[in-house]
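**Student:**
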Amino acid sequence: MAIEIERKFLLANNHWHKQINQSTRIAQGYLATDPTVRVRVKGETGFLTIKGKSADGISRAEFEYPIPAADALELLKLCPNVLDKTRHLVEYAGFVWEIDEFHGENSGLIVAEIELPAVDTAFEKPEWLGVEVTGDVRYYNSMLSQTPYSVWQ
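All you need for the numbering used here is the position in the sequence shown, starting with 1, plus 216.
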């Protein structure tokens with residue numbers, strides 16, 4: 217079984233822009249949220265992902281499978297709301313940060329994520345990193361598809 221161990225942060229500034237190694241547009245939707253069943257088109261590739269519940273707010277079971285992009289596009293039509301975002305990859309101190317810049321109803325929200333090999337793995341925080349939002353369900357992509365950032369008060 218694959219385990220995803222992830223920490224999520226808001227950004228303090230835009231200094232990370234200068235460190236972008238790669239950017240990819242992503243469309244993703246959710247067929248279910250308990251457990252999470254996600255459909256994603258990332259660039260020219262489709263993915264089907266199943267994620268379990270998080271026991272500690274940081275780690276959970278994750279199973280991801282590539283599928284034909286055409287199938288993923290058809291599955292996205294079954295999703296009530298589809299997220300639109302650009303994922304920027306930034307290398308910093310031996311880790312790759314995934315910085316998601318949201319568009320559409322979630323425009324204005326930018327979140328940085330780091331995947332770790334273990335829950336207690338230490339990592340250096342870049343100066344552009346802001347407050348940690350790991351475990352705050354409002355920032356889960358599945359929740360952003362239901363309650364977009366633009367309607368938060």
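Each residue gets a CB set at the ideal place from its N, CA and C atoms; glycine is no exception.
Are Leu292 and Val257 touching if we call contact CB-CB under 8 Å?
**Tutor:** Yes.
**Student:** For the beta strand (DSSP E) containing Ser239, list its first residue and its last residue.
**Tutor:** That run of the beta strand (DSSP E) goes Ile236 to Thr249.
**Student:** Please list, in chain order, all residues of the same chain as Ser361 whose beta carbon is under 6 Å from its beta carbon, the five residues on each side excluded.
**Tutor:** Cβ neighbours of Ser361 beyond the five flanking positions: Tyr246, Asn297 and Leu299.
**Student:** Entirely within the stretch 281-361 and at least 4 residues each: give me those alpha helix (DSSP H) ranges in chain order.
**Tutor:** Counting whole runs of 4 or more residues, the stretch 281-361 contains the alpha helix (DSSP H) stretches 285-292.
**Student:** When you compare only the Cα positions, how much space is there between Glu278 and Ser270?
**Tutor:** The straight-line gap from Cα to Cα measures roughly 10 Å.
**Student:** Just verifying my parser: in three-state terms, what is the DSSP assignment at Ser275?
**Tutor:** In this structure, Ser275 counts as strand in the three-state DSSP scheme.
**Student:** Compute the distance between the beta-carbons of Phe311 and Phe339, then report whether it is under 8 Å.
**Tutor:** In contact: Phe311 and Phe339 (Cβ atoms closer than 8 Å).
**Student:** Pull the bridge partners of Thr363 from the DSSP assignment, please.
**Tutor:** Per DSSP, none; premise fails for Thr363.
**Student:** Residues in its own chain within less than 7 Å of Leu226 by CB, not counting five upstream and five downstream?
**Tutor:** So the qualifying residues of the chain are Val327, Gly346, Val347 and Val349.
**Student:** Give a single yes or no on whether Ile274 has its beta carbon closer than 7 Å to a heavy atom of the ligand ZN.
**Tutor:** With respect to the ligand ZN, the structure shown offers nothing to examine, as it has no ligands at all.
**Student:** Between the Cα of Ile219 and the Cα atoms of Thr337, Glu331 and Val367, which residue gives the shortest distance?
**Tutor:** It is Glu331 whose Cα lies nearest to the Cα of Ile219.
**Student:** What residue range is occupied by the uninterrupted beta strand (DSSP E) comprising Leu268?
**Tutor:** Per the sequence shown, residue 268 should be read as Gly rather than Leu. Looking at the DSSP string, Gly268 is not in any beta strand (DSSP E), and its letter there is neither H nor E.
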